[in-house]
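A.B. asks: Quick one: this structure, given as C-alpha cells, is what I'll be asking you about.
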Amino acid sequence: MSSISKQLSSITCTGRKESSSSSEVRLVMLGKTGSGKSATANSILGRRAFESQVCSASVTRRCRRACGDFRGRHITLLDTPGLLDPYQTPQEVQKELKRSVTLLFPGPHAFLLVFQIGRFTEEEKEAVLQIKQAMGPQVLGFSVVVFTHGDSLAEEISVKHCLIERCEGLAELVARCGGRYCVFNNHNSKTKEQVSELLAMVDSVGKANGGSCYTSKMLQAAEEEMAQNLQVERRLQKEKEELVKRKQEAAVREWYQRELEKIQSKSEREIQELRRKYEILREKDEKLAREKGEQQLRLVTTKMEEQKTNEGKLKRQLDESLRRERERCQVEIRRLKRELGKCSELYEEDILKKSAEEQSFITAFTRPVTGYAQEMGLVVLNIAVESIGASCAIQ
Ligand SMILES: Nc1nc2c(ncn2[C@@H]2O[C@H](COP(=O)(O)OP(=O)(O)OP(=O)(O)O)[C@@H](O)[C@H]2O)c(=O)[nH]1
Ligand SMILES: [Mg+2]
24 MSSISKQLSS
34 ITCTGRKESS
44 SSSEVRLVML
54 GKTGSGKSAT
64 ANSILGRRAF
74 ESQVCSASVT
84 RRCRRACGDF
94 RGRHITLLDT
104 PGLLDPYQTP
114 QEVQKELKRS
124 VTLLFPGPHA
134 FLLVFQIGRF
144 TEEEKEAVLQ
154 IKQAMGPQVL
164 GFSVVVFTHG
174 DSLAEEISVK
184 HCLIERCEGL
194 AELVARCGGR
204 YCVFNNHNSK
214 TKEQVSELLA
224 MVDSVGKANG
234 GSCYTSKMLQ
244 AAEEEMAQNL
254 QVERRLQKEK
264 EELVKRKQEA
274 AVREWYQREL
284 EKIQSKSERE
294 IQELRRKYEI
304 LREKDEKLAR
314 EKGEQQLRLV
324 TTKMEEQKTN
334 EGKLKRQLDE
344 SLRRERERCQ
354 VEIRRLKREL
364 GKCSELYEED
374 ILKKSAEEQS
384 FITAFTRPVT
394 GYAQEMGLVV
404 LNIAVESIGA
414 SCAIQ
C-alpha cells in the first residue's frame, strides 16, 4: 500500500466518498485555534460534522475529513488543528498541516484562512506566517480569507471599509489572497448564501490558478524552495553574524588599541612625572650635598684661617717675648759687663796696690794666681749669662 493511500485509510471520513467530477470541491480549513474553523466547516456542510466548542485548549488536534453536498456540488472538507495552540509546538502543527495536501488527493482546490472578526494582532500575523512556513508562500494564491462571528457585525458595517482597509497587515493578506474574503455567521448555519458566496470564491481560486488544485508537487516544490530559501537565509544570517562578529571584533580591537594607547600614554606621563620628581629630588640632594660640602669647606677654611691667625699671633707673641728677652739679656749682659768691668778695675787697683808692696816677692807666684782669677771671673760671668737663658757666651 502506498504511503498516500495509507494516510487516506487512516483518516476518518464522515461524508460521502469523493467524486472525481468537476463539481467536486476540496477545501482545507486553516487558522488560529478557536478562530471557528470547525464551526465554519459545519456551516458549509450544513451539519455538525466536526466538534466545535468554546475551549481554552485546541479542540481539533488531528486532521479530520468530512464530505457533503451543496447545490449539486460535492464538498470535501479537511479540518486541521489550530495554530498557536499552547499544547502543541508549531512544528507539530505544521507537520499535520502538510498532510492536508495528500489527505485531499490530488490536492485541495482552496485553503480557507479562518479569522474571528476583531483585531488583527501579532498572533494573527504569526498564524499567517506559520501557514506560509508549512505550505509555502504560494498557498495564499490558493486561499480565501473567511471571517467568522459575522453575527457580531451590525448590518450597516462594511467589512471592507471597517475591517480590511483600516488594517495594513490584513489588507495586505487579503490582497495576496487575490482580494478574496467572505464573512460567516456560524450561529445561523441555515444561511446558505454565505456558502454560495464562498464557493464562488473557491471557483475564482481555480480560475486564477488555471484550474489546478494545490498538489503535493507544488507543496514539494514549495518545500524545496523554502529549504533553499532557508539555506540562503541561514547562509545570509551566518554571513551577517560573521560580519557582526568581525565588526564586534574590530570594535573590540579598536577599543583595546585605544585603551592600550591610553594606558601607554598614561604610563609615559607617569614615568615622565617620576623622572621629573626624581630629577628634582636628585638636584635637591646634590644641592644639599654641595651646600653641606661648601659649609664644611667654609668651616675648615675658617678653622685654618683661625689657626693661621692663632699661629701668627703666637709667632708674634713668641717673637715679641724673644725680642724682649734678648733686650733683657743684652741689658743684663751690659750690666754684667759693667759690673765685671768695675770688678776688674777694683781688682786691678787692688792688685796694683798690693803689687807695689809685694812686687818682687809675688812676681814669681802671683802671675798664675792672676790668670786663675781671671779665668774664674769668666766662668762666673758665663754661668750668670746662662742662668738668664741667653744664647751667647763671654770669652
Ligand atoms: N457567535 C459566533 N460564535 C462562533 C462563530 N464561529 C465559531 N464560533 C464559536 O467559537 C468557538 C470556537 O469555534 P471552533 O469552531 O471550535 O474553533 P476552531 O477553530 O475549530 O478551534 P480549534 O479546533 O480548537 O482549533 C465555538 O464556541 C464556536 O461556537 C460565529 O460565527 N459566531
Ligand atoms: Mg476545530
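For the sequence shown, the tail end lands on 418 under this note's numbering, and the numbers increase by one without skipping.
From the three backbone atoms N, C-alpha and C, an ideal C-beta is built for every residue, glycine too.
Check this for me: beta carbons of S166 and L186, under 9 Å apart or not?
C.D. replies: no
A.B. asks: Is it a yes or a no for the segment 83 to 101 touching the segment 126 to 145, going by three-plus beta-carbon pairs under 8 Å?
C.D. replies: Output reads yes: the segment 126 to 145 touches the segment 83 to 101.
A.B. asks: Does ligand 1 have even one heavy atom less than 8 Å from the beta-carbon of F134?
C.D. replies: no
A.B. asks: List, from N- to C-terminal side, the alpha helix (DSSP H) runs of 4 residues or more that fit wholly inside the segment 101 to 133.
C.D. replies: 113 to 126
A.B. asks: Indicate, with yes or no, if ligand 2 has a heavy atom lying under 8 Å from the CB of E115.
C.D. replies: no
A.B. asks: Please list the terminal residues of the continuous alpha helix (DSSP H) segment that includes D308.
C.D. replies: That run of the alpha helix (DSSP H) goes 239 to 380.
A.B. asks: Between which two residues does the beta strand (DSSP E) harbouring D92 extend?
C.D. replies: 87 to 93
A.B. asks: Please go through the same chain and pick out, in chain order, the residues whose beta-carbon is closer than 8 Å to the beta-carbon of K155, but skip the five residues on each side of it.
C.D. replies: V162, L163
A.B. asks: Using the C-alpha atoms, what's the distance from Q280 back to D108?
C.D. replies: 52 Å
A.B. asks: Taking R49 as the reference, which of V182, K55, L221, E149 has the closest Cα?
C.D. replies: L221
A.B. asks: Give me, in chain order, the residues of the same chain whose beta-carbon lies closer than 6 Å to that of V206; leave out the 5 immediate sequence neighbours on both sides.
C.D. replies: F170, G173, V182
A.B. asks: Taking the alpha-carbon positions, what's the R189 to S175 distance?
C.D. replies: Looking at the two C-alpha atoms, the distance is approximately 18 Å.
A.B. asks: Could you compute how far the alpha carbon of V267 sits from the alpha carbon of R199?
C.D. replies: 34 Å
A.B. asks: Which of the three DSSP states is assigned to H172 in this structure?
C.D. replies: coil
A.B. asks: What do you reckon, are the CB atoms on V218 and L127 nearer than 9 Å?
C.D. replies: With contacts defined as CB atoms closer than 9 Å, V218 and L127 fail to qualify as a contacting pair.
A.B. asks: Using 8 Å for Cβ pairs, my map puts M158 next to L242. What's the rounded Cβ distance?
C.D. replies: 7 Å
A.B. asks: Taking its Cβ as the centre, do 16 or more other Cβ atoms sit within 10 Å of G54, making it buried, or is it exposed?
C.D. replies: buried
A.B. asks: Return helix, strand or coil for R70, following the three-state DSSP convention.
C.D. replies: In the displayed model, R70 falls within coil according to three-state DSSP, outside both helix and strand.
A.B. asks: For T63, which three-state DSSP category applies?
C.D. replies: T63: helix per DSSP, three-state reduction.
A.B. asks: Candidates I67, C366, T125: which alpha carbon is nearest T238's?
C.D. replies: T125
A.B. asks: Which residue or residues does DSSP assign as beta-bridge partners of L136?
C.D. replies: DSSP, once it has assigned bridges, lists L53, V168 as partnering L136.
A.B. asks: Taking Cβ positions, are L196 and V225 nearer each other than 9 Å?
C.D. replies: no
A.B. asks: I need the boundaries of the beta strand (DSSP E) containing V225, first residue and last residue.
C.D. replies: Looking at the DSSP string, V225 is not in any beta strand (DSSP E); the run it does join, the alpha helix (DSSP H), is 216 to 231.
A.B. asks: Is I98 helix, strand or coil when you go by DSSP?
C.D. replies: Residue state, collapsed to three classes: strand.
A.B. asks: What's the gap between the Cα of V354 and the Cα of L404?
C.D. replies: 14 Å
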